[in-house]
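Peer 1: The sequence shown begins at 455 in the numbering used here and counts up one residue at a time.
All C-beta atoms, glycine included, are put in the ideal place defined by N, C-alpha and C.
Handing you a structure now.
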Amino acid sequence: MKADIKVALVGNPNTGKSTLFNALTGLNQKIGNFPGVTVDKKIGYSQLPDGRRAEIIDLPGTYSLYPKSHDESIVFSVLAEKDTELTPDLVVVILDATNLKRNLLLYTQVADLKIPVIIALNMMDMAKKAGINIEINKLAEKLGVPVIPVSARKTEGIDELKTAISYANKFALQQVSIDVNAIAPGIIESISKELKTNNAYFALQLAHQHETLKFLTPTQSDRIEELEKEHGFHTQKAQASETIARYNYINDLLYDTVKTPVTAHDESVSNKIDKILTHRVFGFIIFIGVLLFMFQSIFAWSAYPMSLIEDLFVWMEGGLRNVLPAGPLANLLIDGVVAGLSGVMVFIPQIAILFAFISILEDTGYMSRVTFMMDKIMRKVGLNGKSVVPLIGGFACAVPSIMSTRTIENWKDRMITIMVTPLVACSARLPVYTLLIALVVPNKNVWWIFNLQGLALTGMYVLSLVSAVIVAYVMKFVLKARERGYFIMELPVYRMPRWNNVLFSMYERAKTFVLEAGKVIIAVSVILWVLSSYGPGDRFERIEKTYSQPQYTKTMTPDSLARVISTEKLENSYAGVLGHVIEPVIKPIGFDWKIGIALITSFAAREVFVGTMATIYSVDGDADRIDSVQDKMRNAKNPNTGGPVFTLAVAFSLMMFYAFAMQCASTVAVVYRETKDWRWPAAQFAYMTVLAYSAAFLVYHLLK
């Protein structure tokens, strides 16, 4: 259904723009890319009080129309280009009521483009709490636009904003803020004549941004370049003059409309908290403590629900074996589908808890503080503070984290961040780590409060961050670039987390894990079951014939005989043959051919390792003995030594391999998408594989 009106949301970062977008559109949203670029485009639909349907476009956050990043350049392009599918009929500028002076700079620039504008004055509850008194009607009168007070977090004022959108003017009626022509009269007049426009500020912006605007033809861009030389136009000088003029106007405007109590100038609560949380020493100690608490909680809080899920699948497997007639179909369903599904479902509690913590850290504003604290460290390894956002986001998933590097202006910083982000321990590695740690690390406390398993998991996550920083430092000398990076970030005030948002994040992430990773894991599990249950030629028939001889049937119990036959069949299956082919390569790092199969299949997604182990050991084990994946792996015996397959050395060698290896096809794909060159993902895959093999080799031989 076509929308009746197109509305663009524009605002500074941290003004609640995305929250307002969600409040206006609910779940009626879709994500895509802006035409020709890889910047995310969020579009939603809202039903207006007059019965019309509004298309809401959430534009990237920006401090001004002069872009500092690829994302920010989108804002002016969408607002300035006429007659496209994204050209808005109306712009809603979101202002933070607690910081109007900074926010109004962007508003005055947008208003001077002469597009119909409405102001959504967000965070009114915070302004009232701070004792800031804003005369809404007087502000609206002076600006010449509707000003709607809202609190997006509490969904207050949303209906009033929808009503204002319904009755918005079709023509721009806002008051003039500054005399734009006085900034650079010569170039503005020449460009206006050349492109036949009567908007002085549009002409001035073309002088600044013509090289990056896709709606200009090469001829038009070259002509603007010539006009700049003719008039001796200096971009930085013009921009500085404009900014000074705008702030003079804003100061006069706020003097008449905003009253700030003397107490509001005193040190805020957020600043007092920041003295501790961002302290050069205590800040890092607190951050490490937060990480420790997170990973201890993941183990402790998820233990009971995970046990329930394991018991449920053990019960399901036993019930199905009793109900279904023995045969290939029953084995496919039980050892392929159900075993693969159990490898997905059992880790839902841990995934949900991890994302709950990440959501809380983001919602409270603490994640921004972590970014701020890490900026100095990042600069020493050749990055800037904005690189920390993708690296910390990598704890969740490398794919969206790599996409978030678009906000990094410096090419070298961005490429290094892309190359090292997959080293950060993502949630897909969590099932692998927790499974292997539970196999070889005792579940007991040290110093009364620290659980050994939790400490081991924390160590893996800390190792991933440290390795990413070290590799970034090396790449600082490998990649060459002349441009210099910088870091600008606003620290939002501390807020209580929105618990409904936390719960929604837990649900969405868990659902994504089940639906996206689950589909791959179950598909791979079924394929693997087929490869494990059938072999080339008549190998299986010869095994059956061999073990039907009296020397076996009379000397072995039926259970022992069945176990030996199933083990022989697995080794001679298609999967076994493939595992044996790569076994000589992986044997020096402690892996056998069964683990080799898991390494191959888990390239689709790291979590597939768990499902692969479940399937392999379901096929390999006694059909009448129902165990969880963990028990099957714990009881697996090395045929050469008679000892357990998964010793401390093997388990930690395997964790090291997964810590460093590029075991994710989706990450390879997104790196190509962001770099538009296969050489980058190829180089990334190569260096990470060498790093993984070397680390696994070293750990295995040290612990062996």
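Nearest CA to the CA of I569: which residue from E535, P782 and M869?
Peer 2: Closest by alpha carbon: E535.
Peer 1: Whole angstroms are fine: how far does the CA of I573 sit from the CA of L544?
Peer 2: Rounded to the nearest angstrom, the two C-alpha atoms are 11 Å apart.
Peer 1: Would you list the residues sitting across from R507 in a DSSP beta bridge?
Peer 2: Its beta-bridge partners are Q501.
Peer 1: Skipping 5 residues on each side, what residues in its chain have a beta carbon closer than 8 Å to that of L778?
Peer 2: So the qualifying residues of the chain are A784, L787 and I788.
Peer 1: Identify the continuous alpha helix (DSSP H) that holds K726 and give its terminal residues.
Peer 2: Per DSSP, K726 belongs to the alpha helix (DSSP H) from V723 to L731.
Peer 1: Short check: CB of L658 to CB of H664, under 8 Å?
Peer 2: No; because the gap between Cβ atoms is not below 8 Å, this pair is not in contact.
Peer 1: Going by the beta-carbon positions, is the gap between I698 and S751 smaller than 8 Å?
Peer 2: Against a cut-off of 8 Å, the Cβ pair of S751 and I698 comes out as no contact.
Peer 1: Thinking just about the alpha-carbon of each residue, which of K1086, L1053 and C1118 is nearest to the one in L1108?
Peer 2: The shortest Cα separation from L1108 among K1086, L1053 and C1118 belongs to L1053.
Peer 1: Quick one: is R506 buried, meaning 16 or more other Cβ sit within 10 Å of its Cβ, or exposed?
Peer 2: So R506 ends up on the exposed side.
Peer 1: So the alpha helix (DSSP H) K471 belongs to, where does it begin and stop?
Peer 2: Taken as a continuous stretch (DSSP letters only), the alpha helix (DSSP H) holding K471 covers K471 to T479.
Peer 1: Just reading off the alpha helix (DSSP H) that G465 is part of, what are its end residues?
Peer 2: Premise fails: G465 lies in the beta strand (DSSP E), I459 to G465, not in any alpha helix (DSSP H).
Peer 1: Quick check on DSSP: helix, strand or coil for F849?
Peer 2: Coil.
Peer 1: With distance defined between alpha-carbon atoms, name the residue in K934, N576 and K1048 nearest to S986.
Peer 2: It is K1048 whose Cα lies nearest to the Cα of S986.
Peer 1: In its own chain, which residues sit with a C-beta less than 7 Å from the C-beta of L615, not counting the 5 before and 5 after it?
Peer 2: A574, I602 and V604.
Peer 1: In angstroms, rounded to a whole number, what distance separates the CA positions of K624 and R700?
Peer 2: Between K624 and R700, the C-alpha separation is close to 26 Å.
Peer 1: If we ignore side chains and look at the alpha-carbon of each, how far apart do A462 and A626 end up?
Peer 2: C-alpha separation (whole angstroms): 15 Å.
Peer 1: CB L513 to CB I528, shorter than 8 Å?
Peer 2: Yes, these two residues count as a Cβ contact at 8 Å.
Peer 1: Go to N553, then tell me how far its alpha helix (DSSP H) extends in each direction, as first and last residue.
Peer 2: Unbroken run through N553: none, as it is neither H nor E.
Peer 1: Does at least one heavy atom of the ligand PLP sit under 7 Å from the Cβ of L845?
Peer 2: Ligands in the displayed structure: none, and consequently the ligand PLP is not present.
Peer 1: How about A606 and N557: do their beta carbons lie closer than 8 Å?
Peer 2: Cβ atoms of A606 and N557: not closer than 8 Å.
Peer 1: Just to confirm the assignment, what range does the beta strand (DSSP E) spanning V571 have?
Peer 2: V571 to N576 is the span of the beta strand (DSSP E), which, as asked, contains V571.
Peer 1: Just to confirm the assignment, what range does the alpha helix (DSSP H) spanning P1135 have?
Peer 2: Looking at the DSSP string, the run of the alpha helix (DSSP H) that includes P1135 is R1133 to L1157.
Peer 1: Pop quiz: F1063 and S1056 are said to be a contact at Cβ under 8 Å. What is the actual Cβ separation, rounded to whole angstroms?
Peer 2: Confirmed, Cβ separation roughly 4 Å.
Peer 1: Return the first residue and the last residue of the beta strand (DSSP E) that I1043 is part of.
Peer 2: Where I1043 is concerned, there is no enclosing beta strand (DSSP E), given that its DSSP letter is neither H nor E.
Peer 1: One question on the structure: do V956 and A810 come within less than 8 Å of each other, judged by their Cβ atoms?
Peer 2: Yes, these two residues count as a Cβ contact at 8 Å.
Peer 1: Whole angstroms is fine: what's the gap from T479's alpha carbon to W769's?
Peer 2: The alpha-carbon atoms of T479 and W769 are separated by roughly 43 Å.
Peer 1: What does the Cβ neighbour count give for W983, buried or exposed, with the cut at 16 atoms within 10 Å?
Peer 2: With 16 or more Cβ atoms within 10 Å of its Cβ, W983 is classed as buried.
Peer 1: Could you say if the stretch 882-894 and the stretch 1140-1148 meet the contact criterion of at least three C-beta pairs nearer than 8 Å?
Peer 2: The stretch 882-894, when compared against the stretch 1140-1148, does not touch it at the 8 Å Cβ threshold.
Peer 1: Considering only DSSP beta bridges, list what I602 is partnered with.
Peer 2: Bridge partners of I602: A574.
Peer 1: Could you tell me if D720 is buried or exposed, where buried requires 16 or more neighbouring beta carbons within 10 angstroms of its beta carbon?
Peer 2: Any reading at D720 must be qualified, since the residue scores a pLDDT of 47, below 50, and its modelled position is unreliable; no value is offered.
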